[in-house]
Amino acid sequence: MYWTDVNERSPKIECSWMNGEQRQPLVSDRLLRPTGLAIDYHKNDRVFWSDSKENVIESVNSDGSDRAIVIRSGENYHFSVHPRKAHGEDLSISIPLSHSILSVANSPAEFLQ
Numbered sequence: 004m005y006w007t008d009v010n011e012r013s014p015k016i017e018c019s020w021m022n023g024e025q026r027q028p029l030v031s032d033r034l035l036r037p038t039g040l041a042i043d044y045h046k047n048d049r050v051f052w053s054d055s056k057e058n059v060i061e062s063v064n065s066d067g068s069d070r071a072i073v074i075r076s077g078e079n080y081h082f083s084v085h086p087r088k089a090h091g092e093d094l095s096i097s098i099p100l101s102h103s104i105l106s107v108a109n110s111p112a113e114f115l116q
């Protein structure tokens, strides 16, 4: 299982077995407020999250490797990430304050439009 720890001193994304054993940090650097955690089971269990203070959506492999920025925005959005395969899109992003839902590829992008 995966979860975010939004501790202000050392935020991180962690994982463990369902019984709590084998707990380990997945991502522990360059995070301010990780939220919106989602796992794409169709793409090798890739883990996605949004960081509401960094205004970014990032992803890593399930072992913590291959960290990549999916979307970065200059705006102060709160993202929710939803991996999906319906209709050919790879990733849906909801932005509650703007009442928007975007669909983007799982490949890195520079700016949210």
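If you read the sequence shown in this note's numbering, its first letter stands for residue 4, the second for the next number, and so on.
Yeah, the Cβ is synthetic: ideal placement off N, Cα and C, and Gly gets one too.
Tell me the residue span of the beta strand (DSSP E) that contains serine 62.
59 to 63
Throw me the rounded Cβ distance for the arginine 36 and valine 9 pair, which I believe falls under 8 Å.
6 Å
Where glycine 67 and valine 30 are concerned, what is the direct C-alpha to C-alpha distance, given to the nearest angstrom?
6 Å
Have a look at histidine 45 and methionine 21 and give me their C-alpha separation to the nearest angstrom.
20 Å
Isoleucine 42 beta carbon less than 8 Å from that of tyrosine 5
yes
Have a look at aspartate 48 and serine 76 and give me their C-alpha separation to the nearest angstrom.
25 Å
Continuous beta strand (DSSP E) stretch holding glutamate 17: start and end
15 to 18
Selection from Arg70, Ile16, Glu11 and Gln27 that minimises the alpha carbon distance to glycine 39
Ile16
Alpha-carbon to alpha-carbon, tryptophan 52 and proline 28
14 Å
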